[in-house]
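J.: Residue numbers (my numbering), protein chains in the order written: chain A, 1 to 251; chain B, 1 to 308.
Quick reminder that beta carbons are idealized off the backbone N, C-alpha and C, glycines included.
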């Protein structure tokens with residue numbers, strides 16, 4: 001079986017700055033893969049390249065056997081890539097149900113009307129927001145809005161779900177709830193690529209982790225090996241710490 | 001919702017019965033109100049539903065007026081000429097939308113404002129076809145009295161208003177309307193959710209253009225004579241927006257109520273303050289928009305007061 005998502009030599013420039021340069025990443029079906037890197041490493045840019053918000057300057061993005069490099073965001077969404085935003089993006093004056101129904105109608109090809117509402121409610125139950133179904137999205141707390149993003153993502157009936165810092169700003173209990181949700185989604189057979197700052201989250205969830213630094217891909221390995229990788233430690237903590245660490249390991 | 005539906009039905013019944021009064025003044029006022037209603041509803045497609053502050057109503061209105069007049073000049077029957085005018089404005093809106101709807105917010109507003117000016121200059125210089133600055137006369141039927149003419153155009157405008165209202169109602173409760181609401185709330189998020197935003201915005205703009213254009217064509221036939229500064233008047237754009245704001249943006253009956261209120265204000269002010277009527281009207285609009293931004297029917301009392 002071929003890979004679900006395949007990035008080859010993906011570069012995205014903003015003027016003279018290469019926010020992402022020459023990145024090769026392959027995501028297999030059913031993987032739960034983590035994308036980490038220090039601030040400004042190009043993680044969100046990479047997601048924007050995949051989803052067509054900022055198309056790649058060079059290189060190709062293949063998804064499910066199709067070249068989607070030049071696709072517009074709405075086309076990417078309809079092909080089966082859903083993404084949640086680092087800063088949540090609900091339709092504030094619509095109800096929670098309508099927010100999810102919109103995803104079902106426009107990306108999931110569900111008929112507008114009661115059919116879409118029924119499907120929306122099903123996803124809201126799954127993420128634990130059913131009792132808020134008729135409330136305005138603007139009235140939700142941050143943790144609830146993050147769960148709403150999950151429900152919207154699922155309603156798009158995706159093959160690949162891109163989670164951009166879904167745990168930022170959540171407290172420990174809320175993070176645990178989000179973790180169990182992510183596991184439940186993965187168990188449904190949806191491939192997940194998760195961008196995350198919290199190492200606890202990535203290490204406990206992911207089968208593989210890729211690391212970006214200054215727009216370059218510097219590592220791609222299992223969580224156990226990633227935490228010992230010299231280049232990764234260098235990127236996060238600086239050269240001196242990495243040297244000390246490897247000296248300690250050798251000595 | 002129910003009470004506003006009843007109010008709207010009462011208003012419509014009152015307006016529809018106007019011809020029975022036999023008073024030419026009231027009939028003219030009624031026809032104007034219906035025309036304003038069509039303009040307000042047509043603006044609602046792009047301005048209310050999609051949230052794009054269009055100032056293109058005057059361009060569509062004028063284009064429709066001239067398209068209808070020129071078609072009649074070449075022997076097209078009046079009714080068919082109105083349909084042609086609506087179609088011409090629809091096609092024009094499609095092309096214009098593909099170019100202008102890439103812009104957002106103020107940029108879109110300014111760009112759409114210029115369109116009427118450009119069309120006015122074009123019509124001014126195309127003297128052979130449009131009569132240029134001398135204006136264009138439309139055929140007057142020989143066998144009709146003034147009174148029967150007035151009644152005919154009143155009912156024609158009523159018909160157009162009914163069609164526009166139906167189209168608006170259908171759009172609101174359709175996938176198109178749902179997508180437009182998503183765009184109005186958060187366009188980037190709508191795009192990521194699979195809404196073909198360009199297509200939806202252009203569709204809304206086309207609907208807006210078609211009905212404003214048809215209103216222009218009816219107006220031209222009604223007054224029998226049009227000239228560029230009259231039909232490409234930027235006030236048509238501004239009035240359309242103000243009427244929707246008055247009646248309450250986002251409600252189905254808002255544009256119609258707004259048209260009724262606006263026309264009443266315009267008429268009262270014009271009659272009583274002939275010298276400074278535009279100034280007084282402007283002041284009233286500013287006050288209304290400042291203090292009742294959700295329309296005159298929005299609850300002025302804060303909701304929290306109702307709770308015990």
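State the DSSP-derived secondary structure class of residue 302 (chain B), mapped to helix, strand or coil.
T.: Working through the second chain from its first residue, we reach residue 302 (chain B) at position 302. For residue 302 (chain B), the pLDDT reaches just 40, beneath the cut-off of 50, and the residue's location in the model is therefore unreliable, although a value from the coordinates is still provided. Correct three-state label for residue 302 (chain B): coil.
J.: In this structure, how does DSSP classify residue 227 (chain B) when only helix, strand and coil are distinguished?
T.: By 1-based counting over the second chain, the position of residue 227 (chain B) is 227. Residue 227 (chain B): coil per DSSP, three-state reduction.
J.: How many Å lie between residue 67 (chain A) and residue 103 (chain B) at the Cα?
T.: What you label residue 67 (chain A) is simply residue 67 of the first chain in a count that begins at 1. What you label residue 103 (chain B) is simply residue 103 of the second chain in a count that begins at 1. Approximately 29 Å between the Cα atoms of the pair.
J.: Could one say the Cβ of residue 51 (chain A) lies closer than 8 Å to chain B's Cβ atoms, at least one of them?
T.: The sequence position of residue 51 (chain A) within the first chain is 51, counting from 1. At least one chain B Cβ lies under 8 Å of residue 51 (chain A).
J.: Let me see if you follow: with CB-CB separation under 8 Å, is residue 146 (chain A) close to chain B or not?
T.: Working through the first chain from its first residue, we reach residue 146 (chain A) at position 146. False, the Cβ-Cβ gap to chain B never drops below 8 Å.
J.: With DSSP as the reference, identify every bridge partner of residue 221 (chain A), one or two as the case may be.
T.: Against the first chain, residue 221 (chain A) aligns to sequence position 221. Answer by DSSP bridge pairing, in chain order: A:209.
J.: Name the chain A residues whose beta carbon is nearer than 7 Å to that of residue 192 (chain B)?
T.: Walking along the second chain from the start, residue 192 (chain B) turns up at place 192. The contacting residues are 51, 73, 77, 83.
J.: Assess, as a yes-or-no matter, whether the region 217 to 232 of chain B is touched by the region 142 to 157 of chain A under the definition of 3 or more beta carbon pairs within less than 8 Å.
T.: no
J.: Could you spell out the range, first to last residue, of the beta strand (DSSP E) harbouring residue 6 (chain A)?
T.: One-based indexing of the first chain puts residue 6 (chain A) at position 6. Here the beta strand (DSSP E) through residue 6 (chain A) covers 5 to 14.
J.: Starting from residue 74 (chain A), follow the alpha helix (DSSP H) in both directions and report where the run begins and ends.
T.: On the first chain, position 74 is the one that residue 74 (chain A) refers to. Looking at the DSSP string, the run of the alpha helix (DSSP H) that includes residue 74 (chain A) is 73 to 79.
J.: Is residue 50 (chain A) buried or exposed, if buried means 16 or more other CB atoms sit within 10 Å of its CB?
T.: Within the first chain, residue 50 (chain A) is the residue found at index 50, counting from 1. With 16 or more other Cβ atoms within 10 Å, it is buried.
J.: Report all residues from its chain with a CB closer than 6 Å to the CB of residue 159 (chain A); omit the five preceding and five following residues, and keep chain order.
T.: Locating residue 159 (chain A) in the first chain gives position 159, counting from the first residue. The answer, listed in chain order, is 80.
J.: Express the C-alpha separation of residue 237 (chain B) and residue 24 (chain B) in angstroms, rounding to a whole number.
T.: Within the second chain, residue 24 (chain B) is the residue found at index 24, counting from 1. Within the second chain, residue 237 (chain B) is the residue found at index 237, counting from 1. The alpha-carbon atoms of residue 24 (chain B) and residue 237 (chain B) are separated by roughly 27 Å.
J.: Against chain A, does residue 185 (chain B) count as a neighbour if the rule is that its beta carbon must be under 8 Å from one of theirs?
T.: As a position in the second chain, residue 185 (chain B) is number 185, starting the count at 1. Answer yes: the Cβ-Cβ gap between residue 185 (chain B) and chain A drops below 8 Å somewhere.
J.: Closest to residue 94 (chain A) by C-alpha separation, out of A:244, A:196, A:148, would be which residue?
T.: As a first step, residue 94 (chain A) is located in the first chain; it is residue number 94 there, counting from the start. That would be A:148, whose Cα lies nearest to the Cα of residue 94 (chain A).
J.: Kindly indicate which three-state DSSP category residue 252 (chain B) falls into: helix, strand or coil?
T.: The residue labelled residue 252 (chain B) in the question sits at position 252 within the second chain. Coil, per DSSP.
J.: Any beta-carbon of chain A closer than 8 Å to the one on residue 50 (chain B)?
T.: Working through the second chain from its first residue, we reach residue 50 (chain B) at position 50. Contact of residue 50 (chain B) with chain A is not assigned, every C-beta pair being separated by 8 Å or more.
J.: Here's the rule: buried if 16 or more other CB atoms are within 10 angstroms of the residue's CB, otherwise exposed. What is residue 167 (chain A)?
T.: The residue labelled residue 167 (chain A) in the question sits at position 167 within the first chain. That one is buried.
J.: Does residue 225 (chain A) pass the burial test, meaning 16 or more other C-beta atoms within 10 Å, or should it be called exposed?
T.: Position 225 of the first chain holds residue 225 (chain A). So residue 225 (chain A) ends up on the exposed side.
J.: Residues in its own chain within less than 6 Å of residue 227 (chain B) by CB, not counting five upstream and five downstream?
T.: Taking the first residue of the second chain as 1, we reach residue 227 (chain B) at position 227. Closer than 6 Å at the Cβ level, and outside the excluded window around residue 227 (chain B), lie 135.
J.: Between which two residues does the alpha helix (DSSP H) holding residue 282 (chain B) run?
T.: Walking along the second chain from the start, residue 282 (chain B) turns up at place 282. It spans 277 to 291 - the alpha helix (DSSP H) in which residue 282 (chain B) sits, taken as one unbroken run.
J.: Return the Cβ separation of residue 33 (chain B) and residue 255 (chain B) in integer angstroms, given the expectation that the two are a contact with Cβ distance under 8 Å.
T.: Position 33 of the second chain holds residue 33 (chain B). Position 255 of the second chain holds residue 255 (chain B). Their Cβ separation, rounded to whole angstroms, is 12 Å, which puts residue 33 (chain B) and residue 255 (chain B) out of contact at 8 Å.
J.: Hey, would you say residue 35 (chain A) sits closer than 8 Å to residue 212 (chain A), going by beta carbons?
T.: Translated into positions along the first chain, residue 35 (chain A) becomes position 35. Translated into positions along the first chain, residue 212 (chain A) becomes position 212. Their beta carbons are under 8 Å apart, which means residue 35 (chain A) touches residue 212 (chain A) by this criterion.
J.: Residues of chain B with CB under 7 Å from residue 93 (chain A), in chain order?
T.: Walking along the first chain from the start, residue 93 (chain A) turns up at place 93. Residues of chain B whose Cβ lies closer than 7 Å to the Cβ of residue 93 (chain A) are, in chain order, 185.
J.: Check the DSSP bridge columns for residue 192 (chain A) and list the partner residues they point to.
T.: In the first chain, counting from the first residue as 1, residue 192 (chain A) sits at position 192. According to DSSP, residue 192 (chain A) bridges with A:32, A:161.
J.: Given that residue 181 (chain B) touches chain A, what residues does it touch there, using C-beta distances under 9 Å?
T.: Within the second chain, the letter at position 181 stands for residue 181 (chain B). Ordered by position in chain A, the residues that pass the 9 Å Cβ test against residue 181 (chain B) are 91, 93, 94, 98, 102.
J.: Starting from residue 195 (chain B), find everything on chain A with Cβ-Cβ shorter than 8 Å and list it in chain order.
T.: Your numbering for residue 195 (chain B) matches position 195 in the second chain. 74, 102, 106, listed in chain order.
J.: If we cut at 8 Å on Cβ distances, does residue 156 (chain A) have a partner in chain B?
T.: What you label residue 156 (chain A) is simply residue 156 of the first chain in a count that begins at 1. Judged by the 8 Å Cβ criterion, residue 156 (chain A) is in contact with chain B.
J.: Determine the chain B residues that contact residue 112 (chain A) at a beta-carbon separation under 8 Å, and present them in chain order.
T.: Position 112 of the first chain, counting from 1, holds the residue named residue 112 (chain A). Correct list: 174, 175, 178.
J.: State the DSSP-derived secondary structure class of residue 189 (chain B), mapped to helix, strand or coil.
T.: Your numbering for residue 189 (chain B) matches position 189 in the second chain. Helix, per DSSP.
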